[in-house]
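Below: the structure, in structure tokens.
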Amino acid sequence: MYPILNEALRILQKYSLCCSCLGRAFAMLGRGLTNEERGRAIKLVLTMQLHRKLLEGNVETLELIKCIARSSFEPALLLLEKYGVSVETSKCFICSNIFEKLEDFVSRVLKAVKDIEFNTLLVGCKIPTDITIKEEKIREEFSLKFSENIKREINRRVGKALCSSLNKAYDPKAPDLTILLDLGENTIELIIKPLLIYGRYRKLVRGIPQSAGRGNVTSETKSRESIEEYICRPILNVTHGKRAILHASGREDVDVRVLGRGRPFVVEVKDPLVRSIDLSLVKKKVSEYSEGKVDVEGLRIVDQRKIISRIKALSQHLNKTYRAVVEFEEIVDEKMLEVLEKKFENVLVRQRTPTRVLYRRKDKVRNKMVYSLRARSLNENTIELIIKCQGGLYVKELITGDSGRTSPSIAEILGSQPKKIELDIIDIEEPFLIT
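Written as structure tokens, this is what we have:
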């Protein structure tokens with residue numbers, strides 16, 4: 015007999031293996047075959063070869079045929095029956111006939127995913143430890159060089175069955191839906207890839223915080239008034255997700271408006287049941303839900319999860335332009351406005367962590383650029399400032415000086431402290447990271 019048949023027969027003499035587990039021992043040999051087909055072919059040829067020897071008068075081959083038949087291999091059982099020989103069948107030594115469960119798992123998954131919209135899937139599985147140990151024992155005992163592990167076969171078989179039934183594509187890298195089977199506990203877990211939506215928001219009134227607070231925005235309860243609630247709630251309603259998180263490129267104070275092109279953000283929707291959404295409808299619903307306090311622009315679905323960390327990191331580098339209306343305690347000499355503009359032309363500002371955020375930020379010095387400043391008088395003690403600066407600069411402290419913690423400062427140069435500051439962000443650079 016051929017080496018493959020000899021090797022297979024040696025295995026079957028010692029262990030009862032189903033067709034899949036036998037075929038998997040030679041998985042890398044041949045193309046276009048399942049392991050079950052491969053194992054069945056090997057058993058069938060062995061049965062035929064042994065039957066030939068039996069017909070030639072070698073009755074000792076009956077014992078070898080029994081080794082093949084004990085795994086309930088029907089051609090061998092029928093041959094033994096013809097000769098009046100019975101054999102006690104047993105489950106597969108490696109998998110205990112676990113492959114018989116796969117059809118049921120597939121049926122259960124098909125029911126579980128019927129309300130989930132997805133285009134790609136991935137299957138993973140957890141199998142009982144004893145199966146892995148037994149498989150490795152046989153691999154080492156017979157020095158099997160062309161085998162594959164059982165988890166890979168199960169994942170492939172279930173994956174192919176599901177893709178065929180659902181008409182979906184298999185994606186091993188970034189699937190919309192990951193299906194985890196626990197064959198020991200007989201359970202199924204579905205992991206839905208978050209839906210990521212990029213856009214820019216404008217905050218048109220003062221007094222609204224960015225964050226919804228702990229827990230973000232969930233489908234179960236309404237959060238406090240916030241940018242996150244106003245944007246995420248309409249998105250949750252159309253995606254039927256469980257939770258949504260606003261990841262913004264920086265954050266403004268509660269009393270600061272965001273105008274112009276708006277602040278870049280990504281909304282991460284957890285466990286969305288719907289992925290194909292009308293983004294123009296989302297824009298409309300955000301405006302309606304916030305009663306015109308917040309609007310969004312440039313909405314689009316993005317696919318790279320790393321965009322979340324990148325958009326946050328870039329908040330410290332994207333140039334921003336602010337409009338500040340500042341009322342001072344004393345009359346502001348208009349001639350000093352020219353001095354102010356020259357002083358803040360491409361100047362490096364040294365800022366120690368502002369007093370007002372020391373309770374939540376580490377006390378350290380930050381060096382940030384102010385690229386330009388334009389000033390005009392509105393009345394004798396009120397001026398308007400247009401400030402273009404590097405992201406991460408605390409603009410209020412640039413104006414007040416924060417008791418010397420920020421230098422140079424506008425108050426320091428004008429020699430007067432502000433009584434009132436109204437601040438608007440009127441432009442934020444576009445981050446070159448959206449795909």
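Every letter in the sequence shown is one number past the one before it in this note's numbering, and letter 328, counting from 1, is 342. Each residue gets a CB set at the ideal place from its N, CA and C atoms; glycine is no exception.
| query | result |
| --- | --- |
| Glu21, enclosing beta strand (DSSP E) - first and last residue | Here Glu21 belongs to no beta strand (DSSP E); instead the alpha helix (DSSP H) covers 17-28. |
| Nonlocal neighbours in the same chain, by C-beta distance under 7 Å from Asn163, ignoring five residues either side | Glu149 |
| DSSP three-state assignment for His254, whether helix, strand or coil | coil |
| Simplified DSSP state of Glu450, which is helix, strand or coil | Residue 450 cannot be examined here, being either before or after the span of the chain that is shown, 15 to 449. |
| Whole-angstrom C-beta distance between Ile435 and Ala338, which should lie under 8 Å | 6 Å |
| For Ser100, three-class secondary structure by DSSP | coil |
| Presumed contact (8 Å Cβ cut-off) between Ser424 and Leu412, rounded CB distance | Note that residue 424 corresponds to Ile in the displayed sequence, not to Ser. About 6 Å; that satisfies the 8 Å criterion. |
| Identity of the residues DSSP links to Val384 by a beta bridge | Val361, Cys403 |
| Beta-carbon proximity of Tyr215 to Val308, cut-off 7 Å | yes |
| Straight-line Cα distance separating Gln224 from Gly44 | 60 Å |
| Beta-carbon proximity check, Gly37 vs Arg52, cutoff 7 Å | yes |
| Beta strand (DSSP E) segment containing Gly453, residue limits | Since the first and last residues shown for the chain are 15 and 449, residue 453 lies out of range. |
| Supposed contact pair Leu135 and Pro189 - C-beta distance, whole angstroms, cut 8 Å | 5 Å |
| Proximity of Leu31 and His65 at Cβ, strictly below 7 Å | no |
| Inter-residue spacing [alpha-carbon to alpha-carbon] between Leu194 and Phe40 | 26 Å |
| Residues sharing a beta bridge with Arg271, DSSP | Asp438 |
| Meets three-Cβ-pair contact criterion under 8 Å: the segment 279-293 and the segment 131-146 | yes |
| Cβ pair Cys450, Gln27 closer than 7 Å | Residue 450 is absent from the model: the chain starts at 15 and stops at 449. |
| Among Arg275, Ser294, Ser237, Asn20, nearest to Tyr336 - alpha-carbon criterion | Arg275 |
| The segment 266-275 touching the segment 178-187, judged by at least three CB pairs closer than 8 Å | no |
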